[in-house]
Amino acid sequence: MIGKYHSAVKINIRDIAYKPGEMREITRTEELTETWGEGLASVSAGTPVDVDIRLESVHDGILVSADANTTMHADCSRCLTQFSESLGVEFTELFAYTPTETDEYGVHGDHVNLEPPLRDAVVLALPFQPVCRPDCPGLDPETGELRASDSSQDQAIDPRWAKLAGFFG
Ligand SMILES: [Zn+2]
C-alpha cells in the first residue's frame, strides 16, 4: 500500500455491507511490520497486537469498535532502565461508504483498514515520560548511578520485615 501507512489490518466487510443492523465480532492478532512510536516508549516491529473487533453495519458505512492489547518497550525516563509493559487501547470509528470531508476513514472495496486508527490510538497511549515503576528514584545527578532508596521506599517495607530491617540496619 502506498501512502502514509505501510501496513494494513484489513478486515473484510462484504457480508455485512449495506445491511444496516448487521453486526459481527472478530478477534485478530496482528504483528507490527514497523515500529510504532518514536519517543522513549514504542511498540517494536514484530510485536503482536491482539484486537477484538466489533463491526456494525450502519446507514452510512461500517462502525468499527476495537479493543487492542499489545506490549510496549520503553526506557525509563528517570533511570534509563529498559522495561516492557502491557498497553491497552480502544477506539470507535465510522468507515464511510462515501467518505466526505468530515469522515476520516472510508470503506475500500469490500474491506476496511484498521491500521491507521489502531496506530493512532497506540501512539497516543504511549507515555511521553515512561517510568519503570512509579517510585523509581532515578539516577544520582553527580555519580550517574542509580540513586539509593529514599525514605519513602523505606516506609514501604512490609511491617513484618520492618523489625528485621531495623535489626540489621
Ligand atoms: Zn526507572
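Following my numbering, the numbering of the sequence shown begins with 763 at its first residue and continues without gaps.
Note that the Cβ used here is the ideal one computed from N, Cα and C, for glycine as well.
This one's a predicted model, so the numbers in the text were calculated from it and none came from an experiment.
Burial state of residue i (16 or more Cβ within 10 Å)
i, result
"L794", "buried"
"A830", "buried"
"L842", "exposed"
"A803", "buried"
"L876", "buried"
"R881", "buried"
Closer than 7 Å: residue i CB and nearest ligand 1 heavy atom
i, result
"T843", "yes"
"V893", "yes"
"R840", "yes"
Per DSSP, cross-strand counterpart(s) of residue i
i, result
"V851", "A830"
"D814", "T789, D829"
"Q844", "D837"
Residues of its chain near residue i, where Cβ-Cβ distance is below 7 Å and the 5 sequence neighbours each way are ignored
i, result
"K766", "With a pLDDT of 48 at K766, under the threshold of 50, the predicted position of this residue should be treated as unreliable, and no value is reported."
"C898", "C838, R840, C841"
Proximal residues to residue i (C-beta, below 6 Å), its chain only, five neighbours per side dropped
i, result
"L825", "E818, L856"
"R786", "I778, L817"
"P810", "T791, E793"
"K772", "H873, N875"
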